[in-house]
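Some notes on the structure that comes next.
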Amino acid sequence: MDRYTKITKEALQYLAFIIASCTPLCRSKQEKNEEYVLSLATRGKDISFSKFLQDLPQKSDLYTQLYEFKKEQEEIDINVKTLCRFFGGRRHIEKAVSDIAKMECDLSLSGWSEEKKKGLRMFFTFIHILVPLRIEKFDGQKRCSGVYENYLGEKHVKFNVENLMTFRKIRHQIQTGRIAYSHYASIICVPSGKFSAAVTNEILREQAKSPDFMRAAEYFSKTGINFDKAAFLREAAEKVAEKYNL
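Numbering (this note's numbering), first residue to last: 7 to 252.
What follows is the structure in structure tokens.
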């Protein structure tokens, strides 16, 4: 690994948002790493990525994959755009599908119907990926809702994703009509002028190419997603956000 690659302070902040938004089930497996990243984000400084990996308390394939993705994309540093393309794209979708299969084995679902198991699988497949939403409602404080729409695959899918939480540090950027990226029950990023429509389309195209992801999107095209029905995801993220002043 070259010693010149940095992860920018902006990317570290959004990485902290992604970590905070994950379920406690996901965080508990890499708890020391997550605390390390969340602490780094509060410092507001770029850091050498080789030092970032060297100081990780636990070994993590995730960040090695992020570096490999950065090399494939021929980026100089790991910035916000790199982060969004990685967590919204093929590599992370494949990892999510694998993780969800393991989660199903770990959880005791013996009393669940096949339809209920399918719903759980579809839910976590979709929310585990960073997705672009067009903001439709924002209460100006904590809650917002948006629309996921993907017309770049064989099928056109469109549905509402409602009652997401927002991080204090980016609330001033949230406006109806704008694109924002969500992960689990949280808004992670509101693209600035550095993002082009081409980047969002690239992410949507990657998602449209994944049969697993599109099955989940099609499943929710009938019902939408309302996080009032899974409020524990929001509450878990809000606790982390409060602890680390996010």
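Backbone N, C-alpha and C fix where the C-beta goes; we use that ideal spot for every residue, glycine too. The structure presented is a predicted model; accordingly, all values stated were derived computationally and were not measured.
Check your understanding: Which value, in whole angstroms, describes the spacing of the CA atoms of K77 and L136?
Key -> Here residue 77 refers to the residue found at position 71 of the sequence shown. Here residue 136 refers to the residue found at position 130 of the sequence shown. In a straight line, the C-alpha of K77 is about 20 Å away from that of L136.
Check your understanding: Is the distance from the Cβ of E16 to the Cβ of V103 below 8 Å?
Key -> The residue you call residue 16 lines up with position 10 of the sequence shown. The residue you call residue 103 lines up with position 97 of the sequence shown. Going by C-beta atoms, E16 is not nearer than 8 Å to V103.
Review point. Which word fits N251, buried or exposed, when buried means at least 16 other C-beta atoms lie within 10 angstroms of its C-beta?
Key: The count along the sequence shown starts at 1 and reaches residue 251 at position 245. N251 comes out exposed.
Point to revise | Length of the line joining the Cα atoms of R184 and T11 | key: Residue numbering aside, residue 184 sits at position 178 when the sequence shown is read from its first letter. Residue numbering aside, residue 11 sits at position 5 when the sequence shown is read from its first letter. Spanning the two alpha carbons is a distance of roughly 31 Å.
Practice item. Just mark A203 as buried or exposed, buried being the case when its beta carbon has 16 or more other beta carbons within 10 Å. Key: Here residue 203 refers to the residue found at position 197 when the sequence shown is read from its first residue. With fewer than 16 other beta carbons inside 10 angstroms of its own, A203 counts as exposed.
Practice item. Express the C-alpha separation of E142 and L239 in angstroms, rounding to a whole number. Key: In the sequence shown, the residue the question calls residue 239 occupies position 233. In the sequence shown, the residue the question calls residue 142 occupies position 136. If you take the alpha carbons of L239 and E142, they lie about 21 Å apart.
Check your understanding: So, are the CB atoms of V163 and L139 less than 8 Å apart?
Key -> Translated into the one-based positions of the sequence shown, residue 163 becomes position 157. Translated into the one-based positions of the sequence shown, residue 139 becomes position 133. Result no, Cβ atoms of V163 and L139 do not sit closer than 8 Å.
Practice item. Go to E155, then tell me how far its beta strand (DSSP E) extends in each direction, as first and last residue. Key: Within the sequence shown, numbered from 1, the residue matching residue 155 stands at position 149. Annotation for E155: the continuous beta strand (DSSP E) segment containing it runs R149 to N156.
**Study point:** Distance, E80 Cα to E244 Cα
**Key:** As a position in the sequence shown, residue 244 is number 238, starting the count at 1. As a position in the sequence shown, residue 80 is number 74, starting the count at 1. Distance from the CA atom of E244 to the CA atom of E80, rounded to whole angstroms, is 35 Å.
Review point. So, is H189 buried or exposed, given that buried needs 16 or more other C-beta atoms within 10 angstroms?
Key: As a first step, residue 189 must be located in the sequence shown, where it is residue number 183. Flag for H189 reads buried.
Practice item. Could you name the residues of the same chain whose beta carbon sits closer than 6 Å to that of S227, not counting the 5 residues immediately before and after it, in chain order? Key: Residue 227 sits at position 221 when you count from the first residue of the sequence shown. Result list for S227: V163 and F165, in chain order.
Check your understanding: How should G95 be labelled, buried or exposed, when 16 other C-beta atoms within 10 angstroms of its C-beta is the threshold for buried?
Key -> Here the question's residue 95 lines up with position 89 in the sequence shown. G95 is buried by the Cβ-count criterion.
Practice item. Please work out which residues of its chain come closer than 6 Å, Cβ to Cβ, to A223, disregarding the five sequence neighbours upstream and downstream, and give them in chain order. Key: If you number the sequence shown from 1, residue 223 lands on position 217. Counting only Cβ-Cβ distances below 6 Å, and skipping sequence neighbours, we find V163.
**Study point:** Cβ-based neighbour list, Q36, same chain, cut-off 7 Å, excluding 5 preceding and 5 following
**Key:** As a first step, residue 36 is located in the sequence shown; it is residue number 30 there, counting from the start. Correct list, in chain order: Q64 and S66.
Check your understanding: How would you label R9, buried or exposed, when you count the other beta carbons within 10 angstroms and need 16 or more for buried?
Key -> Counted from its first residue, the sequence shown places residue 9 at position 3. By the 10 Å Cβ count, R9 comes out exposed.
Check your understanding: Can you check whether the CB of A191 is closer than 8 Å to the CB of M171?
Key -> In the sequence shown, the residue the question calls residue 171 occupies position 165. In the sequence shown, the residue the question calls residue 191 occupies position 185. It is a contact, given that the beta carbons lie within the stated cut-off.
Practice item. Determine the burial state of P217: buried for a count of at least 16 other Cβ atoms within 10 Å of its Cβ, exposed for fewer. Key: Position 211 of the sequence shown, counted from the first residue, corresponds to residue 217. So P217 ends up on the exposed side.
Exercise for review: Kindly list the residues whose CB is nearer than 7 Å to the CB of F92, restricted to its own chain and excluding five residues on each side of it in sequence; keep chain order.
Suggested key: On the sequence shown, residue 92 is found 86 positions in, with the first residue counted as 1. For F92, where only same-chain residues beyond five positions count, the Cβ hits under 7 Å are L72, F75 and H98.
Check your understanding: Which stretch, first to last residue, makes up the beta strand (DSSP E) that contains K164?
Key -> Here residue 164 is taken as the residue at index 158 of the sequence shown, counted from 1. V163 to T172 is the span of the beta strand (DSSP E), which, as asked, contains K164.
Check your understanding: What do you get for Q19, buried or exposed, if any count of 16 or more other CB atoms within 10 angstroms of its CB means buried?
Key -> Here residue 19 refers to the residue found at position 13 of the sequence shown. Result: buried.
Point to revise | Environment of T229 [buried if 16+ CB atoms lie within 10 Å] | key: Position 223 of the sequence shown, counted from the first residue, corresponds to residue 229. Answer is exposed; the Cβ neighbour count stays below 16.
Practice item. Output the boundary residues of the beta strand (DSSP E) element that contains Y253. Key: Because the chain spans 7 through 252 in this model, residue 253 falls outside it and cannot be assessed.
Check your understanding: What residue from F55, T88, V246 and A236 has the CA that sits closest to N169's CA?
Key -> Here residue 169 refers to the residue found at position 163 of the sequence shown. Selected option, being the one with the closest Cα: A236.
Practice item. Note down, in chain order, each residue of its chain lying with its Cβ closer than 7 Å to the Cβ of T131, except the 5 sequence neighbours on either side. Key: Reading the sequence shown from its first residue, position 125 is the one you call residue 131. Taken in chain order, the residues that qualify are A102, V103, I106, D218, F219 and A222.
Exercise for review: Would you kindly work out how many angstroms separate the C-alpha atoms of E212 and K249, rounded to a whole number?
Suggested key: Residue mapping note: residue 212 aligns to position 206 of the sequence shown, counting from 1. Residue mapping note: residue 249 aligns to position 243 of the sequence shown, counting from 1. Each residue's alpha carbon lies about 34 Å from the other.
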